[in-house]
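Read top to bottom, the protein sequences are chains H and U.
Under our numbering, think of the first position of the first sequence as 91, with each following residue one higher.
Under our numbering, think of the first position of the second sequence as 91, with each following residue one higher.
Number of protein chains: 2
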Amino acid sequence: MRLSKRTEYGLRAVVQLAKLWPNDYVQSRDLAKSETLPNKFLEAILLALRRGGFLESKVGSGGGYRLARPPREISVGELIRRLEGRLTVMDIAKPGELLPGEIAVHLLNDKLTAAYDKVLDDLTLEQLLELVSKAGGLQQQMYYI
Amino acid sequence: MRLSKRTEYGLRAVVQLAKLWPNDYVQSRDLAKSETLPNKFLEAILLALRRGGFLESKVGSGGGYRLARPPREISVGELIRRLEGRLTVMDIAKPGELLPGEIAVHLLNDKLTAAYDKVLDDLTLEQLLELVSKAGGLQQQMYYI
DNA sequence: CGAATTCGTACTATTTTAGTAGGAATTCCA
DNA sequence: TGGAATTCCTACTAAAATAGTACGAATTCG
Numbered sequence: 091m092r093l094s095k096r097t098e099y100g101l102r103a104v105v106q107l108a109k110l111w112p113n114d115y116v117q118s119r120d121l122a123k124s125e126t127l128p129n130k131f132l133e134a135i136l137l138a139l140r141r142g143g144f145l146e147s148k149v150g151s152g153g154g155y156r157l158a159r160p161p162r163e164i165s166v167g168e169l170i171r172r173l174e175g176r177l178t179v180m181d182i183a184k185p186g187e188l189l190p191g192e193i194a195v196h197l198l199n200d201k202l203t204a205a206y207d208k209v210l211d212d213l214t215l216e217q218l219l220e221l222v223s224k225a226g227g228l229q230q231q232m233y234y235i
Numbered sequence: 091m092r093l094s095k096r097t098e099y100g101l102r103a104v105v106q107l108a109k110l111w112p113n114d115y116v117q118s119r120d121l122a123k124s125e126t127l128p129n130k131f132l133e134a135i136l137l138a139l140r141r142g143g144f145l146e147s148k149v150g151s152g153g154g155y156r157l158a159r160p161p162r163e164i165s166v167g168e169l170i171r172r173l174e175g176r177l178t179v180m181d182i183a184k185p186g187e188l189l190p191g192e193i194a195v196h197l198l199n200d201k202l203t204a205a206y207d208k209v210l211d212d213l214t215l216e217q218l219l220e221l222v223s224k225a226g227g228l229q230q231q232m233y234y235i
């Protein structure tokens, strides 16, 4: 199990934006620079997030992106589902009877998806930020040992 | 999150073998036929499972595969980890300090992996079989409503 | 011996992921 | 009012992962 680069980059940009919230607009280029992400790719990702209602944007000189809502009201689950793009290639219910192996695979997939969703849906962007600052603190400390 | 075909096929074959346990050897061709899987691909998968210690095989006429251990002693987690092939492209610890976004991605990946592993490691092949037969029963019932 | 089967390698095709190129549309501001 | 800055948009391209196939050697049974 691994998040795609697209998801990773999107998340990293959003984390940046959340840290700045509710300040003014930040440009894609700056976001890309401060997390060292490919700019053009990031642009496409940010655009998708705007369409998904997670970001607001302002075009033109002095424009950029910012969160559309406070971090406390943004679910990491929704965010990631949008990023993964998974256009829900949902298993179309097969006609007729399933083979035993197919049932097993189905059951397992359902269990895994449920576990995955639980982790993601129980987490807001605000909470994630908190975890990050804790972990960041530890990281700092380690340099002084 | 979705299991690969390789994993799916391997699991389906193993489910078949578990249903027959502790009977005699079953041939790849028969396994492929009864779950409608591509035979040559399945062969490669079964081979990997044998190398992983999940199956025993006998070559030559009258040969085939069978589980190396009773289903109760086979963990679905171990099985799937072998199937996924994940040659543990583990994040090599980056030198220096992590960016906040990177920390967030890391945290999330860890949480997701833990949840995933928990589901898989808490399940034996025997238990999975039981779930399948329950679900299969329900499926049968639905036809008679 | 000859048929049946696993074992093994090497190749091909398809799909998904990760980007890049190039420019139109909009907005600010001097 | 014109140009610089920025998002927005479409269409490619490149690379990697996935899903197989082809072909045959090695082994075993009867």
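Note that the Cβ used here is the ideal one computed from N, Cα and C, for glycine as well.
For the pair the region 163-176 of chain U and the region 95-107 of chain U, tell me if three or more CB-CB distances fall below 8 Å. yes
Please say whether U:Pro161 and U:Trp111 have beta carbons closer to each other than 9 Å? Taking the first residue of the second sequence as 1, we reach residue 111 of chain U at position 21. Taking the first residue of the second sequence as 1, we reach residue 161 of chain U at position 71. Yes.
Check each candidate in H:Tyr155, H:Val222 and H:Leu197 and name the one with the smallest Cα separation from H:Ile135. Within the first sequence, residue 135 of chain H is the residue found at index 45, counting from 1. Ranking the options by Cα distance to H:Ile135, first place goes to H:Tyr155.
If you draw a straight line from the alpha carbon of U:Arg140 to that of U:Leu213, how long is it in whole angstroms? Position 50 of the second sequence, counted from the start, is the residue given in the question as residue 140 of chain U. Position 123 of the second sequence, counted from the start, is the residue given in the question as residue 213 of chain U. Taking the straight line from one Cα to the other gives about 20 Å.
For U:Leu219, which three-state DSSP category applies? As a working note, residue 219 of chain U is residue 129 in the second sequence. Residue state, collapsed to three classes: helix.
Give me the subset of the region 188-203 of chain U whose CB atoms are less than 9 Å from a CB atom of chain H, sorted by chain position. Leu188, Leu189, Pro190, Gly191, Glu192, Ile193, Ala194, Val195, His196, Leu197, Leu198, Asn199, Lys201, Leu202 and Thr203
Give the DSSP-derived three-state secondary structure of H:Glu133 in the structure shown. Reading the first sequence from its first residue, position 43 is the one you call residue 133 of chain H. Helix, per DSSP.
Residues bridged to H:Asp214 by DSSP? Position 124 of the first sequence, counted from the start, is the residue given in the question as residue 214 of chain H. Contrary to the premise, residue 214 of chain H reads as Thr rather than Asp in this sequence. Paired residues: H:Ser165.
Can you name the start and end residues of the alpha helix (DSSP H) that U:Ser118 belongs to? As a working mapping, residue 118 of chain U is identified with position 28 in the second sequence. Where U:Ser118 is concerned, the enclosing alpha helix (DSSP H) stretches over Ser118 to Glu125.
If you draw a straight line from the alpha carbon of H:Thr178 to that of U:Glu216, how long is it in whole angstroms? Taking the first residue of the first sequence as 1, we reach residue 178 of chain H at position 88. Taking the first residue of the second sequence as 1, we reach residue 216 of chain U at position 126. Per-residue confidence for H:Thr178 stands at a pLDDT of 44, beneath the threshold of 50, marking its modelled position as unreliable; the derived number appears in the next sentence. Rounded to the nearest angstrom, the two C-alpha atoms are 31 Å apart.
Interface residues of chain U facing H:Val116 [CB-CB closer than 9 Å]: Mapped onto the first sequence, residue 116 of chain H falls at position 26. The contacting residues do not exist; H:Val116 stays about 13 Å from chain U at best.
Quick check on U:Leu198: does DSSP put it in helix, strand or coil? Start at 1 with the first residue of the second sequence, and residue 198 of chain U comes out as number 108. Helix.
Does H:Ala225 come within less than 9 Å of chain U when only Cβ atoms are used? Locating residue 225 of chain H in the first sequence gives position 135, where the first residue counts as 1. Chain U, which has a Cβ nearer than 9 Å to the Cβ of H:Ala225, makes this yes.
Along chain H, which residues have their Cβ under 7 Å away from the Cβ of U:Val209? Within the second sequence, residue 209 of chain U is the residue found at index 119, counting from 1. Within 7 Å Cβ-Cβ: Lys201, Leu202 and Ala205.
Per DSSP, what are the beta-bridge partners of U:Lys148 in this structure? Position 58 of the second sequence, counted from the first residue, corresponds to residue 148 of chain U. In the DSSP output, where bridge partners are listed per residue, U:Lys148 has U:Gly154.
Rounded straight-line distance, which links the Cα of U:Leu219 to that of U:Lys109: Here the question's residue 109 of chain U lines up with position 19 in the second sequence. Here the question's residue 219 of chain U lines up with position 129 in the second sequence. One C-alpha to the other measures close to 8 Å.
Taking the alpha helix (DSSP H) that H:Arg96 falls in, what are its first and last residues? Counted from its first residue, the first sequence places residue 96 of chain H at position 6. Looking at the DSSP string, the run of the alpha helix (DSSP H) that includes H:Arg96 is Lys95 to Leu110.
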